[in-house]
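Quick note on our numbering: the sequence shown kicks off at 7 and runs consecutively. To keep things clear, I will list the structure first and then write my remarks on it.
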Amino acid sequence: MAELLFDFISREPEQLPQIIGRGVLPLKGKMILGGDPKANKSYIALNIGLALAQGQHIFGALYKSGVPVLPVTRCHSVLYVEQEIGERGLRERLKPMIAVPGDIQFYIKTRDMGMRMDTPQGRTAIQAEIEQCKPEVVILDPLAKFHLSDENSAQQMGMVMRVGDHWVENYNIAIIYIHHTAKENFQHVRRGGQRLRGSSAIFADVDTFVEISRKSSSHHKEPVVELGFELRQAEPLEPIYIKRLQSGLCEYLGEDYHWGRPSSPPKTEDTIPYGNL
């Protein structure tokens with residue numbers, strides 16, 4: 007039944023449960039991690055997935071006050087489906103990231119090109135993995151390898167993204183997509199979620215866009231990365247800086263870190279000062 011205006015605005019809204027707090031990833035939410043090639047998107051996705059499975063705050067990041075930057079309140083089951091580096095490469099990437107292997111609900115499906123969102127057989131294959139693992143969070147890395155549709159077509163990409171919407175509703179999951187950003191054109195500079203490659207239907211479908219920008223040079227072994235946040239259902243968040251260690255784990259650089267002006271000296275003699283990268 008319709009409500010009177012006063013009754014409608016007076017009723018307290020139901021608080022949505024959060025997988026990553028501060029509105030970054032609501033329960034049954036959708037997020038895109040986007041960035042240029044070699045921006046460390048997959049490393050960051052793995053760090054997020056492992057933190058969720060272990061019930062740890064993302065990147066272990068805390069403000070000086072002790073408040074978590076990206077809070078996680080409990081363990082979540084995670085299904086990570088990747089279509090790029092394959093079984094051997096992913097295993098070698100993960101080994102140094104897991105100091106003490108534990109019984110965590112982090113499931114992996116790697117390099118199965120039949121798993122597509124734009125064919126009935128592909129959708130059935132992905133759904134079978136979801137039904138078997140019963141995850142709360144599904145990470146698809148990268149989105150482009152889960153379809154053969156025209157990324158620049160709003161109609162075709164709208165259909166692809168609606169498949170994810172159905173999974174969210176049918177299986178009560180949240181989805182994290184990994185996607186590339188478009189190359190900049192000096193005549194047309196796109197900002198925020200509009201930087202994502204392809205149709206704007208991709209960005210329009212999600213609750214959160216995390217833009218991953220590599221600040222270090224391409225040859226640096228422990229690159230500094232900036233994460234910018236665009237949230238539809240929450241207050242704005244300031245960008246944060248992290249360092250991707252050689253182990254693959256990400257280290258939060260502190261709330262007073264400014265690119266080009268480190269808040270503390272390098273930890274090792276062979277570390278290049280960030281301002282010179």
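Where is the CB? At the ideal position from N, CA and C, for every residue including glycine. The structure presented is a predicted model; accordingly, all values stated were derived computationally and were not measured.
- Leaving aside the five residues that flank A59 on each side, the residues in its chain whose CB is nearer than 8 angstroms to its CB run, in chain order, C81, H82, S83, V84, I110, Q111, F112.
- Judged by their CB atoms, I179 and A51 are not nearer to each other than the 8 angstroms cut-off.
- Contact check for E98 against K151 fails: the beta carbons are separated by 8 angstroms or more.
- A residue is called buried once 16 or more other Cβ atoms fall within 10 Å of its Cβ, and Y258 is buried on that count.
- Around the beta carbon of R17, fewer than 16 other beta carbons sit within 10 angstroms, so the residue counts as exposed.
- Excluding its 5 nearest sequence neighbours in each direction, G234 has C-beta neighbours in its own chain below 6 angstroms: E217, P245, listed in chain order.
- In this model, I132 and G27 are separated by some 27 angstroms (Cα to Cα).
- Counting along the chain, the unbroken beta strand (DSSP E) around A180 starts and ends at 180 to 186.
- Just measuring C-alpha positions, the residue of G35, A67, D147, K47 sitting nearest E88 is D147.
- In this structure I184 is in contact with L39, their Cβ atoms being roughly 5 angstroms apart against a cut-off of 8 angstroms.
- Counting along the chain, no alpha helix (DSSP H) covers V144; the unbroken beta strand (DSSP E) around it starts and ends at 143 to 147.
- Residue pairing for C256: DSSP places it in a beta bridge opposite R250.
- Of the residues assessed, G198 falls on the exposed side of the cut-off, its CB having fewer than 16 other CB atoms within 10 angstroms.
- Per DSSP, the beta bridge partners of L85 are Y113, V144.
- Setting aside the 5 residues that flank it on each side, E241 is surrounded in the same chain by R28, G29, each with a C-beta closer than 8 angstroms to its C-beta; the list follows chain order.
- With fewer than 16 other Cβ atoms inside 10 Å of its own Cβ, V106 counts as exposed.
- By the C-beta density criterion, N46 is buried, having at least 16 other C-beta atoms within 10 angstroms.
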